[in-house]
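See below for the structure under consideration.
In my numbering, the protein residues as written are 98 to 301.
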């Protein structure tokens, strides 16, 4: 999956760079959207690194919870729009984007001159794990910043600690709810198969 995302990011950046030659012929708003979309991952990476190394633990946790909250709000809207509770799993995209897609985009830029597909590991098993390299580096950078900030920072105040505990409980409830919904969906779909088979057998 990571290799596939890297390949897609390479294609996107190649097309973006090629398309930038004609920005002067595009509508102003279209050019603005294209520039913002192209540079957004890099601005986000710089912001996150600065926050992890120069911020406070409270600000880091607030940022991460805000990202997840926005994902939940969007997924909830999708649930009402589609009338399907399964759309709540879209809230996981924000977590995947911050943890995996951002480093994959950087890796795609760094290896943009390599024309290989990067997704076929049938002959070389190393190809299957090459996508873990940028993710591992990204996690190491963030954990290093988190440890550095925690070392340099004073202890939480009572108010911050209360909010932190409440946020941790709510976040845990969110994951429990997702797990229960996932198990319910699996149980429902697995329960339909015997019924379908029995009906088909009855018709025969």
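The beta-carbon is built from N, C-alpha and C at its ideal position, and this holds for glycine as well.
* To do: Using a threshold of 9 angstroms, state whether the C-beta atoms of residue 154 and residue 256 are closer than that.
  => Your numbering for residue 154 matches position 57 in the chain shown. Your numbering for residue 256 matches position 159 in the chain shown. The answer is no: Cβ separation not under 9 angstroms.
* **Same chain only: Cβ atoms within 7 angstroms of residue 145, ignoring 5 sequence neighbours per side** => One-based indexing of the chain shown puts residue 145 at position 48. Cβ within range, chain order: n/a, list empty.
* To do: Report yes if the C-beta distance between residue 110 and residue 201 is below 9 angstroms; otherwise report no.
  => For the purposes of this step, residue 110 is identified with residue 13 of the chain shown, where counting begins at 1. For the purposes of this step, residue 201 is identified with residue 104 of the chain shown, where counting begins at 1. No, the Cβ-Cβ distance between residue 110 and residue 201 is not below 9 angstroms.
* Any idea what DSSP makes of residue 211, helix, strand or coil? -> By one-based count along the chain shown, residue 211 stands at place 114. Three-state result, residue 211: coil.
* Asked: On the three-state DSSP scale, how would you describe residue 180?
  -> Residue 180 sits at position 83 when you count from the first residue of the chain shown. Looking at residue 180 - three-state DSSP - the assignment turns out to be coil, as it is neither helix nor strand.
* Short check: CB of residue 232 to CB of residue 197, under 9 angstroms? -> As a position in the chain shown, residue 232 is number 135, starting the count at 1. As a position in the chain shown, residue 197 is number 100, starting the count at 1. Going by C-beta atoms, residue 232 is nearer than 9 angstroms to residue 197.
* Asked: Between the Cα of residue 102 and the Cα atoms of 194, 122, 182, which residue gives the shortest distance?
  -> Mapped onto the chain shown, residue 102 falls at position 5. Among 194, 122, 182, the Cα nearest to that of residue 102 belongs to 194.
* To do: For the stretch 104-120 and the stretch 164-181, state whether three or more C-beta atom pairs, one from each stretch, are separated by less than 8 angstroms.
  => no
* To do: Could you pull out every residue in the same chain whose Cβ sits closer than 8 angstroms to the Cβ of residue 268, ignoring the five residues on either side in sequence?
  => Position 171 of the chain shown holds residue 268. Here the set comprises 162, 165.
* To do: Would you check if the distance between the CB atom of residue 100 and the CB atom of residue 228 is smaller than 9 angstroms?
  => Indexing the chain shown from 1 puts residue 100 at position 3. Indexing the chain shown from 1 puts residue 228 at position 131. Against a cut-off of 9 angstroms, the Cβ pair of residue 228 and residue 100 comes out as a contact.
* **Identity of the residue in 209, 147, 251 nearest residue 239 by Cα** => Residue mapping note: residue 239 aligns to position 142 of the chain shown, counting from 1. When only C-alpha atoms are compared, the closest one is 147.
* First and last residue of the uninterrupted alpha helix (DSSP H) at residue 241 -> Indexing the chain shown from 1 puts residue 241 at position 144. First-last of the alpha helix (DSSP H) with residue 241: 229-249.
* Helix, strand or coil for residue 98 per DSSP? -> Within the chain shown, numbered from 1, the residue matching residue 98 stands at position 1. Coil, per DSSP.
* Extent of the continuous alpha helix (DSSP H) to which residue 187 belongs -> Position 90 of the chain shown, counted from the first residue, corresponds to residue 187. Note, residue 187: premise wrong, no alpha helix (DSSP H); not H, not E.
* Boundaries of the alpha helix (DSSP H) in which residue 253 is found, first to last residue -> Here residue 253 refers to the residue found at position 156 of the chain shown. From DSSP, residue 253 is part of no alpha helix (DSSP H); its letter is neither H nor E.
* To do: Classify residue 199 as buried or exposed, calling it buried when 16 or more other Cβ atoms lie within 10 Å of its own Cβ.
  => In the chain shown, residue 199 corresponds to position 102, counting from 1. So residue 199 counts as buried.
* Asked: Is DSSP giving residue 297 helix, strand or coil here?
  -> Counting from 1 along the chain shown, the entry for residue 297 is found at position 200. Annotation note: pLDDT 48 at residue 297 (below 50); position unreliable, no value reported.
* Just checking my contact of residue 188 with residue 169 at CB under 8 angstroms: how many whole Å lie between their CB atoms? -> In the chain shown, the residue the question calls residue 188 occupies position 91. In the chain shown, the residue the question calls residue 169 occupies position 72. Indeed, because the Cβ distance is near 5 angstroms, the residues count as touching under 8 angstroms.
* Which of the three DSSP states, helix, strand or coil, is assigned to residue 153? -> Locating residue 153 in the chain shown gives position 56, counting from the first residue. Residue state, collapsed to three classes: coil.
* To do: Kindly indicate which three-state DSSP category residue 123 falls into: helix, strand or coil?
  => Locating residue 123 in the chain shown gives position 26, counting from the first residue. Looking at residue 123 - three-state DSSP - the assignment turns out to be coil, as it is neither helix nor strand.
* **Coarse secondary structure for residue 105, derived from DSSP in three states** => Translated into positions along the chain shown, residue 105 becomes position 8. Note: residue 105 maps to helix in three-state DSSP.
* Asked: Roughly how far, in whole angstroms, is the beta-carbon of residue 183 from the beta-carbon of residue 282, given that I think they are within contact range, below 8 angstroms?
  -> Counted from its first residue, the chain shown places residue 183 at position 86. Counted from its first residue, the chain shown places residue 282 at position 185. Residue 183 to residue 282, Cβ: 6 angstroms. Contact.
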